[in-house]
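Read the structure below first, then the notes.
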Amino acid sequence: MRVIEPIDIELIDSNVTQSGLSEWDAETIYAAGQRVVVSYEEDGETPRVAEEYTSLRSDNVGFYPPDSSGDGQDGVKISVGDSEDVSSFTIGETVGTSLASGTCSFIDGTTGGYMILSGVSGDFDSGDTISGNDSGASATISSVSSTTIAAAWERVGATNRWKMFDAYVNSQTVADDIDVTIGFGRCDTLVLLDVQATDVEIEVVNDSTGEVVFSEAFDMRLDQSASWADYFFAPAEYKTSLIVSTPLYYNASARIRITNGDDEAMCGHVVAGRAQYIAASQWSPTAGITDYSSAETDTDGVTSLEQGPWSKELSVDLLVPTASVSNLQRRLASYRGKPCVWDCNNDSTDHDALIVYGYFSDFSIVIAGPTTSSCSLTIQGLI
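Taking the numbering used here, the leading residue of the sequence shown gets 33, the next gets one more, and so forth.
In C-alpha cells:
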C-alpha cells in the first residue's frame with residue numbers, strides 16, 4: 033500500500049474552453065442572479081481554482097464571493113439617532129469613524145435609522161461619527177450590536193476547465209478530448225480519478241533541458257469477459273482510476289491526454305505528488321460506499337427516491353515489521369485531516385475499488401510479535 037499526498041497543481045495549458053463569464057470585480061455593482069467567475073484570491077494576483085458564483089442580492093458590490101457565500105457572515109448593526117439620515121450613504125462604499133483609528137468596513141445596506149456593516153476591523157462605539165469615503169455622508173452612532181449578514185453569493189462550482197482540479201472527485205471536466213499540461217516538479221506519481229476514457233497518454237518533460245523523460249499510453253479497457261459471447265457482445269468495461277509512476281525531476285511538467293472514442297472524455301480529479309510506501313496490504317479488505325441518496329416515504333407508503341452522490345469506503349489490514357510500527361504510527365498521524373490518495377493495491381493487484389481519495393478515519397496497530405505486526409486502517413473517501 034502507498035499514499036500520495038497531493039501538491040497544489042499549477043495549470044500550465046489546457047484545451048478545455050474557459051468560462052465565458054466575466055471575472056469578479058470589487059467595484060462592479062451586480063444584480064441578483066448575475067453570475068461571475070473568480071480565478072484569483074482576494075488580492076487579485078494569486079491564481080486559484082476558477083469557480084462560478086451567482087449573486088443573491090441587488091446592489092451587490094464589494095463582497096469577495098468565496099468569503100460571502102454559504103451561511104452568511106458576521107456583521108455589525110449600527111443604529112443612529114432619530115434626527116440622523118443614513119440614506120445618503122452609498123451601498124458598497126468604505127466607511128470609517130472620524131477617530132484617528134480609521135476603523136472601516138463595507139456598507140451592506142441602509143434602512144431607516146440603521147445600517148449593516150460587514151468586514152469590520154476595529155470597534156464602533158456610541159457617540160462616534162461615521163462617514164462615507166465616497167458619498168461624504170455622515171451620522172452619529174447611537175448604538176451598536178452584532179448581527180448576521182445573509183450570503184451575498186452562492187457558489188455554483190468550478191468552471192469546466194477547473195473541475196478536474198477542484199476539491200471534488202465527482203465534479204468532472206467534460207470535453208471531446210482533454211489535453212492539459214500541469215507543473216510536475218518534485219513529483220513521481222500522477223493519479224487520475226473518476227475518469228471516463230478509452231485511452232490516456234502521459235508525457236513528462238524535464239523543463240530544465242526540454243527532454244521528454246517519460247511517455248506512455250494506457251488502454252483503460254478491462255478484460256473481464258466470462259465467455260466469448262461476453263467478449264464480443266457485452267458492453268465494454270473500463271477502469272475509472274489510473275495511477276502512473278514516473279521519474280522524479282526537480283523542474284518538470286506533465287502532459288495528460290484523455291480520449292474516449294466517439295464519446296466525450298471526462299475526468300473527475302487529478303492528483304500529483306510523491307508516493308510513500310506504507311506497508312503490505314493483506315487479503316480480505318472490505319470495500320464499500322457511502323451513499324448520499326435520499327429516500328422518503330409518505331403516509332400512504334409511497335417512497336420517493338432521489339439519487340445523490342456517493343463516496344468510497346475501505347477497510348484494510350496491513351502487515352508491517354514490528355521494528356517499523358513506531359515509524360508507521362508517526363507516518364499515518366502525519367496524514368490526519370488531509371485528503372490523500374490511498375492505493376491499497378500491492379504489486380500483484382490493480383483494483384479501482386482499492387484506490388480511494390480521502391482521509392483515514394481510524395487506525396490501530398497490533399504488535400503481535402517480535403518480528404511481524406499488523407495495522408487495521410479505515411479510509412473514508414470524498415465525493
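Ideal Cβ positions, reconstructed from N, Cα and C, are used throughout, including at glycine. It should be emphasised that the depicted structure is a prediction, and the values quoted were computed from it without experimental measurement.
Buried or exposed (CB count within 10 angstroms, at least 16 for buried), residue i
{"i": "GLN204", "result": "buried"}
{"i": "ILE321", "result": "exposed"}
{"i": "LYS195", "result": "buried"}
{"i": "ASN359", "result": "exposed"}
{"i": "THR129", "result": "buried"}
{"i": "ALA132", "result": "Any answer about ALA132 is weak, because its pLDDT of 48 lies below 50 and its placement is not dependable; what the coordinates show is given next. Burial call: exposed."}
{"i": "ASP155", "result": "exposed"}
{"i": "VAL244", "result": "exposed"}
{"i": "HIS383", "result": "exposed"}
{"i": "ARG368", "result": "exposed"}
{"i": "THR221", "result": "buried"}
{"i": "TYR263", "result": "exposed"}
{"i": "ASP57", "result": "exposed"}
{"i": "THR291", "result": "buried"}
{"i": "PRO97", "result": "buried"}
{"i": "THR331", "result": "exposed"}
{"i": "ALA207", "result": "buried"}
{"i": "GLY424", "result": "Missing from the structure shown is residue 424; the chain here goes from 33 to 415 and no further."}
Rounded separation between residue i and residue j - CA only
{"i": "GLY102", "j": "TRP185", "result": "8 Å"}
{"i": "CYS407", "j": "PRO317", "result": "12 Å"}
{"i": "TYR281", "j": "SER347", "result": "34 Å"}
{"i": "SER120", "j": "SER87", "result": "24 Å"}
{"i": "PRO353", "j": "ASN47", "result": "47 Å"}
{"i": "ALA82", "j": "THR230", "result": "28 Å"}
{"i": "MET33", "j": "TYR309", "result": "6 Å"}
{"i": "ALA182", "j": "ILE148", "result": "11 Å"}
{"i": "MET252", "j": "VAL276", "result": "13 Å"}
{"i": "THR272", "j": "LEU224", "result": "8 Å"}
{"i": "ILE61", "j": "CYS219", "result": "43 Å"}
{"i": "ALA304", "j": "ALA286", "result": "9 Å"}
{"i": "VAL93", "j": "ASP99", "result": "13 Å"}
{"i": "ALA190", "j": "ILE39", "result": "18 Å"}
{"i": "SER91", "j": "VAL373", "result": "What sits at residue 91 in the sequence shown is Asp, not Ser. So the two alpha carbons sit approximately 43 Å from each other."}
{"i": "VAL188", "j": "THR172", "result": "40 Å"}
{"i": "THR161", "j": "SER170", "result": "7 Å"}
{"i": "LEU409", "j": "PHE138", "result": "48 Å"}
{"i": "ILE234", "j": "SER150", "result": "47 Å"}
{"i": "PHE395", "j": "SER54", "result": "47 Å"}
{"i": "GLU84", "j": "ASN192", "result": "10 Å"}
{"i": "ALA258", "j": "VAL68", "result": "51 Å"}
{"i": "ARG363", "j": "PHE197", "result": "26 Å"}
{"i": "GLU116", "j": "GLN50", "result": "49 Å"}
{"i": "GLN66", "j": "GLU59", "result": "15 Å"}
Same chain, Cβ closer than 7 Å to residue i, neighbours up to 5 away in sequence not counted
{"i": "GLU338", "result": "SER325 and SER326"}
{"i": "SER111", "result": "GLY145, TYR146, SER174 and SER175"}
{"i": "PRO79", "result": "SER71 and TYR72"}
{"i": "ILE397", "result": "VAL357, LEU360, GLN361, SER405 and CYS407"}
{"i": "GLY104", "result": "THR180, ILE181, ALA182 and ALA183"}
{"i": "ASP140", "result": "GLY107, ILE148, LEU149, SER150 and ILE181"}
{"i": "ALA63", "result": "SER87 and SER90"}
Cut-off 6 Å between Cβ atoms - residues of its own chain near residue i, not counting five sequence neighbours on either side
{"i": "GLY95", "result": "Before going on, a small fix: residue 95 reads as Phe here, not Gly. Only ALA184 meet the Cβ criterion."}
{"i": "SER240", "result": "ASN283"}
{"i": "ASP323", "result": "TRP342"}
{"i": "ASN238", "result": "VAL245, TYR281 and ALA284"}
{"i": "VAL212", "result": "SER46 and ILE288"}
{"i": "THR329", "result": "THR335"}
{"i": "GLY293", "result": "THR230"}
{"i": "GLU37", "result": "GLY305 and CYS372"}
8 Å CB neighbourhood of residue i in its chain, flanking five on each side removed
{"i": "LEU414", "result": "ALA199, TYR200, VAL201, SER343, PRO371, TYR389, GLY390 and TYR391"}
{"i": "GLN314", "result": "VAL348, ASP349, LEU350, LEU351 and SER406"}
{"i": "GLY340", "result": "ASP323, TYR324, SER325 and SER326"}
{"i": "ALA266", "result": "SER257"}
{"i": "THR403", "result": "PRO353 and THR354"}
Residues bridged to residue i [DSSP beta-bridge criterion]
{"i": "MET252", "result": "Paired residues: none, contrary to the question."}
{"i": "GLU74", "result": "In DSSP, GLU74 forms no bridge with anything."}
{"i": "GLU84", "result": "VAL69 and GLY189"}
{"i": "THR354", "result": "Answer is none; THR354 lacks a bridge partner."}
{"i": "GLN105", "result": "ILE181"}
{"i": "GLN412", "result": "GLU345 and TYR391"}
{"i": "GLN228", "result": "MET298"}
{"i": "LEU149", "result": "VAL108 and ILE139"}
{"i": "ALA171", "result": "ILE162"}
{"i": "THR126", "result": "PHE138"}
{"i": "ILE310", "result": "Partner(s): none; ILE310 has no beta bridge."}
is_contact[residue i, chain B] using C-beta, thresh 8 Å
{"i": "SER101", "result": "Here chain B cannot be found, since the structure has a single protein chain."}
Assumed close pair residue i, residue j - CB separation to whole angstroms, cut-off 8 Å
{"i": "VAL118", "j": "VAL152", "result": "VAL118 to VAL152, Cβ: 16 Å. No contact."}
{"i": "THR122", "j": "CYS136", "result": "No, THR122 and CYS136 are not in contact; Cβ-Cβ is about 14 Å, not under 8 Å."}
{"i": "GLY164", "j": "ASP226", "result": "Not really, about 50 Å apart at Cβ, beyond 8 Å."}
{"i": "ASP209", "j": "ALA297", "result": "5 Å"}
{"i": "ALA319", "j": "ALA385", "result": "4 Å"}
{"i": "ILE41", "j": "GLY215", "result": "7 Å"}
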